[in-house]
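Working notes for the structure below.
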Amino acid sequence: MTYPVYRLTVYHFALLISICVIIGIVCQSRDTYASEIPVSQGKSAVASSVTGATYLASHAVDGFIYTKWVASNSQLPQWLTVDLSQNVHVSRVETVFEHVHSSYSYKIESSIDGINWSIFVDRSANTAINFPYYSDTGDVLARFVRLQVVGVGSPGDQASVFDFRVYATNDSLALLSQNKTTAALSSFSGSWGSDKAVDGQLLSSWAPSSTSLPQWMVVDLGQLRNVQRFETTYSNIQDIYGYKIDFSIDGITWYTFTDRTGNMQVGNPRYVDEGNVTARYFRLTTTGVASGGYASVAEFQIYGPDGGLNTNSNPQTLTRMYLDDEGYSLQPNETIASYLTGVYANGTTFPIQSGAIYRVANTAVATVNANGVITGVAAGSTTLTVTYNGQSTSANIAVTSTLANLNRIAFDSYSYSLQSGTTRSPYVIGYKNDSSTQTLTTGLTFTSSNPAAASVNSNGMVTGLSPGITTITAFYGSFTASASVNVTTTVSRIEADESTIYLEVSGTQYLSILAYDSQYNETDVTSSTSFTSSNSSVATISSYGYITAVSAGSAIITATYSGISTTIYITVGFKDIIAPTWNYGANVTVTPSTGSSVTLTWSAATDNVGVTSYRIYKDSELVTTVSGSELTTNISGLTVGIDMNFKMEAGDGANNWSSTGPSVNYSLTMELKSTSSSTRLISSVRVREAAPDGRMRSRYHADEGELRDAFIALNEGSASSLLLQIQDDHDTTVVEFASSVFDDLQEMGINGSVQLDMNAIQFTIPLLLFKNHVNEATSSNGLFSVIIRHEASQLAERLQEKATAEQTALLITNPIEFEIQAGGVAIRQYDNMTVERSIALPGTSYTTNVTAVRLNVESGEITFVSSLLLSSDEQWKMVIKDQYGGLYTIIQKDKHFEDMGTHWAREDVEKLASKRIISGVDEQNFSPEKEISRAEFAALLIRALGMEVNESKPGTSGFRDIMERDWYAQMVNTAAAAGLIEGFEDGTFRPLLQVTREQMAAMINRTIQITGSQPESYTQDTVLSPFVDQHAIDNWARQAMAFTLQTGLIQGVTETQLNPNAFATRAQAAVMLKRLLIYLQYMN
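Note that my numbering has the sequence shown beginning at 6, numbered continuously upward.
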């Protein structure tokens, strides 16, 4: 062990000793017992609804009081169910609701099978407030426990629970693992052996031989024991570990007890996992260490009842058993594995792996083998019966020619690209009504719309034949799915993912080969490439690109595809254990780049083989890793006014890293922007803290005294706006305002605004919006919170994948969320006020097809929002104007239609299509001269204004000819509610009638009025007098026609003809829509 590792270990042990003294666990005796922990903690939980990924059902049973489950809306009842994994005697349930000073009415139910429920406690008539939580007692044997929230003390509140804790009546648990036999994948030395993890001493630890993962250790209890709890204490209690625990009866076949491989929580002082299982061997596998350090375990403690001995005779009595499904649905030649579980008299469950007898009533429909694997034979239904130790259970089997409960089918991608002469086999996925999916392998037929470009065979394999585009369609029963295929020219070159590879003896590595055509289109052709090695005694390579280092030396790998070759140089050496070093006087210097970034430059390190990488740390956080040939890099997203330490580490190809490297201390200084006399600068206090989701955030609180003074100036007219200049840390920023100060705003003051300026991001909010919601904020936590969040997560990755599939450029990597909260509750719709936010763009030039879009987190869809592309001092920014909060990003796409050609409206149509406002009748055509219906034009107005439509609720527009099932019902409802459209005197809207030019003018006119734009002055008769058919305009439409003519939103078909009652075409509608958006300054 190196000195730095030794020193770090001593530090960790010192921390452990301090904590152990506090909680009294320094030296646990052989008779140690576990403390009470809810049996619900860490178990599987589901709910009737959730508010996004931040407030999942599992957060109510994770043991952390700062996380919570929140229902998606205020509709009641809402339910939360926890699966305890086995039957236990439930004795007490504690429910910690979010609003602890409010009353809740609820019921708690229990069930053994998750189907039949009984009442544990009924508080559905409760009006009492139980601070800090509700506690209900009883005695019932159950596996599933369900909380039904039926009433809340504050109307409009959503059902939300911080903790739902279920306790069971169990005998005291004894420590079973102490001083038992152990084994491990590796150990650092005898002093750090796996036996140290079960010696009852926190001052000793098992440490693996390296930091490589995964690492495992096994404890042999010597005989079958009933185990109900694991307590895992890692040596570094401040670190985050991913792990799982498995159990086995024979040490050969393993089953998972708990899986925390995705864990993101600190186990301070230990991780606790509960359940009920009978086994002899238990394995702890560490899969992740956040710091990159050793997977070192101080104690792996296994608890069970004192009398928990289970010999091979097993005194437990099997009371019943059940299959994993009540009914199996499959197709001919498809197989499904059934799983059998036994339930014993003491409530424990255990999988039955052998000895059961499976029978099918009608083998002409389906068969089953001795392991319970069912195979469909022919369409029909039959029964599966299983017997074991005098018990039996059964389930239905349905074999259908197509997948049951199917909702739709789709390819695994909307589009594919391949080169002439290459093949690809897309997947077809079936989406069921229960939201589950299944890959379809039988019952499919395929067609290609352009077989000259690409053909598709009966198995769905697509073969590129010549450059061009085709659409492949899959047919499955009554369902169809389509995807486009772009076939490019033949391969012009191939490349390996690495051209030079260094391996140690016995080392292995996969090689990937990419083929490129003359248009730089890329295809992975590894599986179709042949490989040869110039010296197989040094390195060999398999037919699928798997390199194995045999002995020290050099070899050249030649990869050949479609007659084109590339070479890869392999160097094999003995294990290198010498880390890079830094010469005396080596240093790192810092040069400021922007207000939030710096450039680091450092001296080169040396190595016996060669430096391959440099790591740069900011304080203890790894910021970036660059190649060994680079000696400078830029670090962005830094915080002004905070002392930082930048440190360097050098690494080589054998993953040896220097223990010391040059470092430098640095602090950024922020330059405040100058403000005009009409703008009041408000100061704020900044706190850097961990958010409830565990990620870091910056929280600012605006100075209340300065706000009150500024409001006086606003009321007097000597100021018109407020400004807060804050630092963007590129994660989450929260700016808080005390709601009470907004009572000081008077009539003149509410016309002002407050801007949050984060250099690259500005958020300008009307003060009237705050004034409108003072009561909500004051009655809750007394705060308005403005949240700006850089969404760098799986959501950003999915958005990038979607953009790539749609050939759309993302101009900012991570979407940015803007949210305003009153009293902790988000204001989703900004009272029909347009709120501006601007985002700086990184490039130097852009086309006017660039637009902002709002991202729907639930569906992943993106929709147009009003936005202007502006440039000032060579800095481009996108100014977004929207009536909602949400996630935004900036995209650029150039859309073209084959049938627009030289059409007079081509430029306007393709601009709106590029901005996702309008779409074609199909992917290639727009049909510009096709007439447009009243419903279609109403839908265009909704999309052009970026208005949200609730697709989950049926439309209730009040028009008697709009049915809930109509595709346009929600659109028409939204447009009518906003005042964009009106119906006829008989109470109808007549959605499928073609819209006339005068009707379109009326809708445009109403749109301008509701946006608050002031109409230009004009004389109606003067505007209409040049047109000889002006008397054909209906009276109700004359003002609208005159206004739209005066503003240039509509034009005559000739200099003297209006044709007000002529049906409008799709091209005319698009052009008028584009003029409207420019008139409103909603688009360039």
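We treat Cβ as the ideally placed atom computed from N, Cα and C, and that holds for glycine. As the structure is a prediction and not an experimental result, all values here were calculated from the model.
Cβ-Cβ distance between residue i and residue j below 9 Å
i	j	result
T586	S663	yes
L917	L1078	yes
T553	G512	yes
S688	I766	no
W197	S210	yes
I341	I379	yes
T495	M466	no
S570	T576	no
Cβ neighbour criterion (16 or more within 10 Å) applied to residue i
i	result
L875	exposed
K580	exposed
F989	exposed
K935	exposed
I621	buried
Y1087	buried
A715	buried
G865	exposed
M763	buried
Q799	exposed
Q812	exposed
Y1084	buried
I583	exposed
N410	exposed
Neighbourhood of residue i by C-beta, 7 Å cutoff - its chain only, sequence neighbours within 5 removed
i	result
A400	L328, D330, E331, G332, Y333 and L389
A910	P933, A1072, A1075 and V1076
S533	Y566
V595	V603, L605, F651, V669 and Y671
N338	G381 and T447
Q880	A845
S397	T390 and V391
F869	T856, V858, K920, R921, I922, R948 and G951
G722	M753
Reduced DSSP category for residue i - H, G, I as helix; E, B as strand; rest coil
i	result
Q358	coil
T537	strand
E811	coil
Q834	strand
G385	strand
D904	coil
R620	strand
T405	coil
V543	coil
I30	Summary for I30: the model assigns pLDDT 33, below 50, so the residue's position carries little reliability; its value from the coordinates is reported in the next sentence. DSSP places I30 in coil when its eight states are reduced to three.
G568	coil
C25	Below a pLDDT of 50, predicted positions are generally treated as unreliable, and C25, at 41, falls in that range; no measurement from the model is reported.
I134	coil
P9	Interpretation of P9 is limited by its pLDDT of 39, a score under 50 that renders its predicted location unreliable; no figure is taken from the coordinates.
K886	strand
F931	coil
R364	strand
Y1087	coil
6 Å CB neighbourhood of residue i in its chain, flanking five on each side removed
i	result
L773	I755
L1063	F1032, D1034 and G1057
L860	P820, I867 and L892
A655	P585, A610, V616, Y619 and S663
K776	F747, L750 and I755
A659	D581
P771	S758 and M838
Residue-level contact to chain D via CB, residue i, 9 Å cutoff
i	result
R97	Looking for chain D here will not work: only one protein chain is present.
Cβ shell of residue i (< 8 Å), same chain only, five flanking positions each side left out
i	result
M701	R693, E694, A695, D734, D736 and T737
A295	D244, I245 and Y246
Beta strand (DSSP E) runs contained entirely in the segment 275 to 353, provided each spans 3 or more residues: Listed in chain order, they are 276 to 294, 302 to 310, 323 to 328, 332 to 335, 340 to 342 and 345 to 349.
Completely contained alpha helix (DSSP H) runs for the segment 954 to 1037, where each covers 4 or more residues: Here the runs fully enclosed are 974 to 983, 1002 to 1015 and 1025 to 1029.
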